[in-house]
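Encoded as structure tokens, the structure appears first; notes follow it.
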Amino acid sequence: MHLFPDRCRRGDKRSELGLLDPEPHPLDFIWLELTCRCNLECVHCYADSNKFAEEHLTTAEWASILQDGFQAGCKGVQFIGGEPTLFGGLVSLIEKSRGLGYEYVEVYTNATQLTDTMLDHLETHSVQVATSFYSHQPDTHDAITRTGGSFASTVDGISKMVRRGIPLRVGVIRLPENATGLEATADFLVQLGVARDKVQVDRVRGHGRGAMIVNEHNDYSGLCGHCGDGRLAVASDGSVYPCVHAREFKLGNALEDSLHELAGSPQLVEFRRAMLANLDDQVKKALLEDPHSPRGL
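What follows is the structure, given as structure tokens:
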């Protein structure tokens, strides 16, 4: 599932020339990759997350980045990983984001580590949640995560969020292992209580372990065309990128550089110019037909 939430899609309808304008909008959304650690080892993980990855930034440093983002105009933040619930300061950062005034707060989790205490915090602070799901068949799901029992844990996490009324969207990633059962998997999620319009089928990105599945023909293949347009991604070591899927194009480091300056920097404009010139034809067509398209697919 694309990491960009519906709430933060662009609301303006630009002309064809404007749509392909490399000049970005002012910053209003950030991804914060709190950790590269993850309890799963999914075959397609774009971040190449694993159980042994080291954490780089402290909770205080992430809080400072949150403040910098808000001062730069950010109204939305998504906490990602790795698995963000493994980062000990997640709840503190959720509270910090609400205290600063962030209007949209989302956690992208694999839903296997959701304790009642964590669910209480998500509910109390009106946090949106996104997760990935791979198959209605337990063996297929666990084969993709390469973790036995992950199907049961994920189903349990989703069910708990549904019962509590926590806003939830679920991405079903199309892979060779599950390609023939996507509709049945979507139906299974609906039976669990997930709204049908919150179940989205998406594709593998050719980054990290995903590069073993998808062979992107250039560094811009697989990008949606919105990268860096009012949004930035901060990796677990503080590196700043136009998008979590554009890690070949480092803009700076959030511990040293202002997010406001990076969001309007010449290097970002140059990246966007090159990206828009090299987008796949199918993506360009989708963008021209629907500027709000989150995936360009």
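Residue numbers (this note's numbering): 2 to 298. We put the beta carbon where it would ideally sit given N, CA and C, even for glycine.
**OP:** Enumerate, from N- to C-terminal direction, the unbroken alpha helix (DSSP H) stretches of 4 or more residues contained entirely within the segment 174 to 198.
**Re:** Entirely contained in the segment 174 to 198, the alpha helix (DSSP H) runs reaching 4 residues are, in chain order, 183 to 193.
Subject >> Separation of P267 from G158, as counted between CA atoms >> reply: Between the alpha carbons of G158 and P267 lies a gap of roughly 43 Å.
Subject >> For Y103: DSSP bridge partner residues >> reply: Answer is none; Y103 lacks a bridge partner.
Subject >> Residue interval of the beta strand (DSSP E) (run including T132) >> reply: 129 to 134
**OP:** Using three-state DSSP, classify R204 as helix, strand or coil.
**Re:** strand
Original post:
Counting Cβ pairs, one atom from each stretch, are 3 or more of them under 8 Å apart for the segment 235 to 244 and the segment 28 to 43?
Top reply: yes
Original post:
Considering only the beta carbon of each residue, do R170 and C46 sit closer than 8 Å?
Top reply: no
Original post:
Which runs of the beta strand (DSSP E) fall wholly inside the segment 36 to 99 and span at least 3 residues, in chain order?
Top reply: 77 to 81
Subject >> Sheet register partners of A264 (DSSP bridge) >> reply: DSSP output for A264 lists no bridge partner at all.
Original post:
Is it a yes or a no for the segment 120 to 139 touching the segment 94 to 108, going by three-plus beta-carbon pairs under 8 Å?
Top reply: yes
Subject >> N-terminal and C-terminal residue of the beta strand (DSSP E) that R31 is part of >> reply: The sequence shown places Ile at residue 31, rather than the Arg named in the question. Note, I31: beta strand (DSSP E), 30 to 34.
Original post:
What is the DSSP secondary structure of L233, reduced to helix, strand or coil?
Top reply: strand
Subject >> Reduced DSSP secondary structure (H/G/I, E/B, other) of N279 >> reply: Helix at N279.
**OP:** Please go through the same chain and pick out, in chain order, the residues whose beta-carbon is closer than 6 Å to the beta-carbon of G172, but skip the five residues on each side of it.
**Re:** These residues qualify, in order along the chain: M2, S133, Q201, D203.
**OP:** Report buried or exposed for R273, applying the criterion of at least 16 other Cβ atoms within 10 angstroms of its Cβ.
**Re:** Looking at its Cβ environment, which holds 16 or more other Cβ atoms inside 10 Å, R273 is buried.
Subject >> Proximity below 8 Å, CB of Y242 to CB of L256 >> reply: no
**OP:** With distances taken Cα to Cα, identify the nearest neighbour of C43 among I167, T141, K286, R248.
**Re:** T141
Subject >> Through-space distance from N179 to T186, alpha-carbon basis >> reply: 9 Å
**OP:** Can you give me the start and stop residues for the alpha helix (DSSP H) that V163 sits inside?
**Re:** Run containing V163: 151 to 165, per the alpha helix (DSSP H) assignment.
**OP:** In the DSSP assignment, find the beta strand (DSSP E) that holds E241 and state where it starts and stops.
**Re:** At residue 241 the sequence reads Val, which differs from the Glu that was named. Taken as a continuous stretch (DSSP letters only), the beta strand (DSSP E) holding V241 covers 240 to 242.
**OP:** Would you mind giving the Cβ-Cβ distance between G83 and A48, rounded to the nearest angstrom? I have them listed as a contact below 8 Å.
**Re:** 7 Å
Original post:
What are the start and end residues of the alpha helix (DSSP H) that includes A255?
Top reply: That residue, A255, is in no alpha helix (DSSP H); it is neither H nor E in DSSP.
**OP:** Identify, in the order they occur along the chain, each residue of the same chain with its Cβ nearer than 6 Å to the Cβ of E104, setting aside the five sequence neighbours on each side.
**Re:** K76
Original post:
Going by the beta-carbon positions, is the gap between G231 and F88 smaller than 8 Å?
Top reply: no
Original post:
Expressed to the nearest angstrom, what Euclidean distance is found between the alpha-carbon atoms of P85 and M162?
Top reply: Between the alpha carbons of P85 and M162 lies a gap of roughly 17 Å.
Original post:
With burial defined as no fewer than 16 other Cβ atoms inside 10 Å of the residue's Cβ, what is the status of D198: buried or exposed?
Top reply: exposed
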